[in-house]
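S.K.:
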Amino acid sequence: MTATPTLSLCILTKDSASRLPELLAHGRTLADEIVVGVDRASSDATFDVAARHADVVFRFEATGLVGPGSPRRSSGIATILQRSVRSDRLA
């Protein structure tokens with residue numbers, strides 16, 4: 015990761031340990047920072063895989079239905095923004 019990321023890849027995921035390494039490896043070719051939010055209900059090794067490959071990893075609790083604008087998605091996105099975006103990164 016560079017000192018000041020120019021592009022951050024942010025992913026919310028659950029039970030994706032088998033697919034995550036390939037996704038994050040490809041993502042690394044596009045972005046210089048990878049942020050992964052892992053659903054607390056994930057029952058496989060998703061968090062451990064993310065921790066090995068991402069720059070920032072956190073757990074979030076999904077609530078509500080999945081879909082654009084849903085409380086579940088909005089909760090994870092809000093957490094990403096709170097943990098990743100700092101005023102010194104804003105241009």
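Quick note on the numbering used here: the sequence shown kicks off at 15 and runs consecutively.
Just so it is clear, CB atoms sit at the ideal spot from N, CA and C, and this is done for glycine as well.
Treat the numbers as computed from the prediction; the structure is a model and nothing was measured.
Using DSSP bridges, identify the partner residues of residue 32.
M.R.: The residue labelled residue 32 in the question sits at position 18 within the sequence shown. According to DSSP, which records beta bridges pairwise, residue 32 is partnered with nothing at all.
S.K.: Could you tell me whether the Cβ atoms of residue 50 and residue 38 are closer together than 9 Å?
M.R.: Residue mapping note: residue 50 aligns to position 36 of the sequence shown, counting from 1. Residue mapping note: residue 38 aligns to position 24 of the sequence shown, counting from 1. Going by C-beta atoms, residue 50 is nearer than 9 Å to residue 38.
S.K.: Comparing alpha-carbon positions, which option in 67, 74, 72 and 73 lies nearest residue 45?
M.R.: Here residue 45 is taken as the residue at index 31 of the sequence shown, counted from 1. Of 67, 74, 72 and 73, the residue nearest in Cα terms is 67.
S.K.: Could you pull the DSSP bridge partners for residue 73 from this structure?
M.R.: Within the sequence shown, numbered from 1, the residue matching residue 73 stands at position 59. Its beta-bridge partners are 52.
S.K.: Taking the continuous alpha helix (DSSP H) assigned at residue 60, which residues delimit it?
M.R.: Stepping through the sequence shown from its first residue, residue 60 is reached at position 46. From DSSP, the alpha helix (DSSP H) with residue 60 extends over 60-67.
S.K.: Tell me the rounded alpha-carbon separation between residue 47 and residue 59.
M.R.: Counting from 1 along the sequence shown, the entry for residue 47 is found at position 33. Counting from 1 along the sequence shown, the entry for residue 59 is found at position 45. Roughly 21 Å separates the two Cα atoms.
S.K.: Would you grab the beta carbon distance between residue 63 and residue 34 for me? Rounded to a whole angstrom, and I think it's under 8 Å.
M.R.: Walking along the sequence shown from the start, residue 63 turns up at place 49. Walking along the sequence shown from the start, residue 34 turns up at place 20. Contact holds; Cβ gap of about 5 Å.
S.K.: Suppose you measure from the CA of residue 73 to the CA of residue 54; what does that come to, to the nearest Å?
M.R.: Taking the sequence shown and counting its residues from 1, one reaches residue 73 at position 59. Taking the sequence shown and counting its residues from 1, one reaches residue 54 at position 40. Cα-Cα distance, rounded: 6 Å.
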